[in-house]
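Participant:
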Amino acid sequence: MTESLTHKGKLVWQRIWLPKGTFVSLEQLDLTMGHELFHSILNNAGLYNEFRIIWDQSTVSVHEYYTSRWEQEYIIFRGWGKLNLNMGAFNTVINTFKDLEPLMNKIKPIFNNYLKSTLK
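In structure tokens:
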């Protein structure tokens with residue numbers, strides 16, 4: 150989990166919490182750190198997470214949409230498809246919220262750069 154504190158729209162501090170399950174394997178640690186690092190990158194860019202409640206009363210978020218997409222690509226790139234890694238839920242319903250388009254358009258180039266830099 151990446152925890153952050155903002156004040157008047159500015160990031161004051163953030164920290165990453167890693168539960169014990171993160172350390173079950175080197176692959177899980179790598180995947181979790183990449184996921185949380187991307188949250189941190191977005192927060193540092195002032196692109197804070199937005200949440201929405203969907204039809205089944207579950208919560209979806211912009212950050213989790215992008216971090217789960219990154220996880221999927223990273224697992225494929227590393228050839229870890231057969232490993233039982235704990236990943237974030239991949240959702241596409243966040244795309245249906247038109248009010249989030251400006252935020253998502255700002256995140257897309259950062260996501261593409263992060264993806265490119267980690268898939269080496």
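Using my numbering, the first residue of the sequence shown is number 150, and each one after it goes up by one. Even for Gly, the Cβ is constructed at its ideal location relative to N, Cα and C.
1. Taking only runs that begin and end inside the region 154-228, name each unbroken beta strand (DSSP E) of 3 or more residues, in chain order.
2. Which residues in the same chain as Leu283 place their Cβ atom closer than 7 Å to its Cβ, once the five residues preceding and following it in sequence are excluded?
3. Using the C-alpha atoms, what's the distance from Leu180 back to Leu234?
4. If you follow the alpha helix (DSSP H) that Asn261 is part of, which residue opens it and which one closes it?
5. Which residues in the same chain have their Cβ closer than 7 Å to the Cβ of Val242, if we skip the five residues on either side of it in sequence?
6. How many angstroms separate the CA atom of Thr245 from the CA atom of Arg201?
7. Under the assumption that Leu268 contacts Tyr214 (Cβ atoms under 8 Å), give the Cβ distance between them as a whole number of angstroms.
8. Going by Cα to Cα distance, which pick from Val211, Asn261, Leu264 is closest to Leu249?
Facilitator: Reading from the atomic positions:
1. List check, beta strand (DSSP E) in window: 159-165, 200-202, 208-210.
2. With the chain running from 150 to 269 in the structure shown, residue 283 is simply not present.
3. Between the alpha carbons of Leu234 and Leu180 lies a gap of roughly 8 Å.
4. Counting along the chain, the alpha helix (DSSP H) containing Asn261 begins and ends at 250-267.
5. Hits under 7 Å: Ile203, Val209.
6. One C-alpha to the other measures close to 10 Å.
7. About 18 Å separates the beta carbon of Leu268 from that of Tyr214, a gap too long to meet the 8 Å contact definition.
8. Of Val211, Asn261, Leu264, the residue nearest in Cα terms is Val211.
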